[in-house]
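The block underneath contains the structure these notes are about, expressed in structure tokens.
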Amino acid sequence: MSTRRTFLKEMSAMAAIGMTGIATAKDKTGYDPKARYELKVSEVPFRKNAAGRQLMARIYQPQAAGPFPVVLDLHGGAWQRKDRKAEEPMDRAIAASGVLVVAIDMTISGEAPYAACVQDASYGIRWLKTRAGEWKGDAST
């Protein structure tokens, strides 16, 4: 069999397999940026940093059946200022369109050496993956 013919058969087979995945993806409830949801905003302890300060997470949860895609908000501020409330207008707007938004505090400079803020962010991702379902989030999206 020619190389071209083999290539075309393989591509057809892969497309057929891929079509099943596409059909499944369409069956899932999709994100609609035009949607508007009421929000429930709550705060939960996130973790204690090396300095002993309790870091918090602010949860912006759309009020509907879900599951919702998930966004982890890591505030700016060059680790010198700001906290989980820094981007509240943006977080509210994203959540109102049907996304579970979780904004976390991070260690700021002066509390611990540099790597602490990176560790907070890394831990935040793992923490949110395990807990997103509590707030009707789907961390796999």
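Residue numbering for the sequence shown follows the working numbering, beginning at 38 and increasing consecutively.
Backbone N, C-alpha and C fix where the C-beta goes; we use that ideal spot for every residue, glycine too.
Model, not experiment: these values are computed from the prediction.
query	result
Mapping the DSSP letters down to three states, classify Pro-82 as helix, strand or coil.	strand
Of the residues Gln-91, Ala-101, Leu-92, which one's Cα is nearest the Cα of Arg-73?	Ala-101
Quick check on the burial criterion: 16 or more other C-beta atoms within 10 angstroms. Buried or exposed for Asp-128?	buried
Closest by CA to Asp-142, which one among Ala-153, Gly-135, Ala-133?	Ala-153
Measure the alpha-carbon distance for Asn-86 versus Thr-144 and round it to whole angstroms.	6 Å
Kindly indicate which three-state DSSP category Ile-145 falls into: helix, strand or coil?	coil
For Asp-175, which three-state DSSP category applies?	coil
Under the three-state reduction of DSSP, which class applies to Val-155: helix, strand or coil?	helix
Here's a check: name, in chain order, each residue in its chain whose Cβ is nearer than 7 Å to the Cβ of Ala-176, leaving out the five neighbours to either side.	Val-107, Leu-165, Lys-166, Ala-169
List the residues that DSSP assigns as beta-bridge partners of Pro-99.	Leu-76
Between which two residues does the alpha helix (DSSP H) containing Asp-128 stretch?	125 to 133
So that I know if they touch, is there some Cβ in chain D lying closer than 9 Å to that of Ser-159?	As a matter of chain content, chain D is missing from the structure shown, which is built from one protein chain.
Using the rule of at least 16 other Cβ atoms within 10 Å of the residue's Cβ for burial, across every protein chain shown, is Arg-95 buried or exposed?	buried
Classify Ala-169 as helix, strand or coil using the three-state DSSP reduction.	helix
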